[in-house]
Amino acid sequence: MSGKAETVLADAAGIARAAGILRAGGLVALPTETVYGLAARADSAEAVARIYRAKGRPCFNPLIVHVAGLEEAERLAHFSTAARAVAQAAWPGPLTLVLPRREGSALAAAVTAGLPTVALRAPAHPVMQAVLAACAVALAAPSANRSTQVSPTSAAHVEQALGGAVDLILDGGPCERGIESTILAVRENGAWEMLRPGPVDADALHRRLRGSPLPPPPRRLVTVEAPGQLALHYSPGKPVRLAAQAPEPGEYMIGFGDITGDCTLSAGGNLVEAAAQLYACLHRAAASKSPRIAIAPVPDGEIGAAINDRLRRAASSDR
Ligand code: AMP
Ligand code: MG
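So this is what it looks like as structure tokens:
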């Protein structure tokens, strides 16, 4: 990507500038608690088209719409009683709800890639919240990386990936969670379907609100509904070997727990810390001279399932 974007601190002046650019139809990269997002106003077809162009994202892959809270979300989608209870329990936070889109709502058609559903999230990050409040408009914001590549968890990652394709980068420091939101579809009959694992434990939420475990995902292809589930995603651009106990010659080692590496996800074996470090380690591995990457095994419990979901895709050679 040619050119260099201007990066400013996410202080009051930076937030006001970002809001002005967004209101005028521009593109701003900004921090959320999950990863950095590439935001544009969700009601403008031109602004949304710029997101797809900047990312090189296929037009059939819909975007997450970020809102200030439930009230704004209900103007864009139909909430069943079950969906409202989930939103009240998890928002603001790293949970995206896929719901039936409200007819005539102020959303550009490209945001949902023509689907009758819309993905909505009320983020918890104070910078994103302040920008949403200052804009007073819903913001479409996928991760601020080129399509299929590793997600950004710092302003520097965004600058490397997108550079001059964005009007402004707001630097709010590293992202606390470091991994994309959990995506949950809540159907009109009240049934839940997990579309992407993430920081919010959807099974625990289902047990708490509905008194039973989250049902297993249906055995069908969901690629049309959620193209983000395609195998090639989060790719560092080099071969990746999973569950490695030690590096082989030519491998950049990403460690976990007792297995140390050139970069370590969490020396103490803490999965929350590992999620926060995951993309920074993958970016370092991608930028290193080593032609290949090896990654230590990460246990599957709690947010480990979301980490392993991302690692499997990072290691995928499917196209
Ligand atoms: P990202 O680009 O990292 O923000 O990821 C956005 C994810 O949300 C992708 O996996 C999309 O496929 C998914 N998504 C967005 N809108 C919908 C929708 N209406 N139905 C299902 N998945 C969606
Ligand atoms: Mg993404």
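Under this note's numbering, think of the first position of the sequence shown as 4, with each following residue one higher.
All residues carry an ideal CB built from backbone N, CA and C; glycine is no exception.
Please read these numbers as outputs of a predicted model, since none were measured by experiment.
The ligand AMP has a heavy atom closer than 7 Å to the beta-carbon of Glu183. Separation of Ile182 and Gly214 (C-alpha to C-alpha, rounded to the nearest whole angstrom) is 27 Å. Inter-residue distance for Ala143 and Ala159 is about 21 Å (C-alpha atoms, whole angstroms). Beta-bridge partners of Thr185 (DSSP): Leu98. Unbroken beta strand (DSSP E) stretches of 3 residues or longer found wholly inside the stretch 7 to 65: 10 to 12, 31 to 33, 40 to 44, given in chain order. With contacts defined as CB atoms closer than 8 Å, Arg104 and Pro126 fail to qualify as a contacting pair. Leaving aside the five residues that flank Pro95 on each side, the residues in its chain whose CB is nearer than 8 Å to its CB run, in chain order, Gly72, Ala125, Pro126, Ala127, Gln132. Between Gly240 and Ala289, the CB-CB gap stays under 8 Å. Following the DSSP letters along the chain, one finds His69 inside the beta strand (DSSP E) bounded by residues 67 to 69. Using a cutoff of 7 Å, the CB of Ser291 does not count as near the ligand MG, since none of the ligand's heavy atoms is closer than that.
When Leu33, Pro219, Pro218 are compared, the shortest CA-CA separation from Thr156 is found for Leu33. In the displayed model, Gln248 falls within coil according to three-state DSSP, outside both helix and strand.
Under the three-state reduction of DSSP, Glu106 is assigned to coil, being neither helix nor strand. Following the DSSP letters along the chain, one finds Val140 in no alpha helix (DSSP H), marked with neither H nor E.
In the same chain as Ala137, and ignoring 5 residues on each side of it, the C-beta atoms closer than 7 Å to its own belong to Ile18, Ala19, Ala22, in chain order. Taking the CA atoms as reference points, Ala147 sits about 12 Å from Tyr237. Pro302 is not a Cβ neighbour of Ala246, given a cutoff of 8 Å.
Shown here for Val114: same chain residues with a beta carbon closer than 8 Å to its own, the five before and five after excluded, namely Ala45, Val51, Pro65, Leu66, Val68, Val121, Ala143 in chain order. Boundaries of the beta strand (DSSP E) harbouring Glu196: 195 to 199, taken from the DSSP string.
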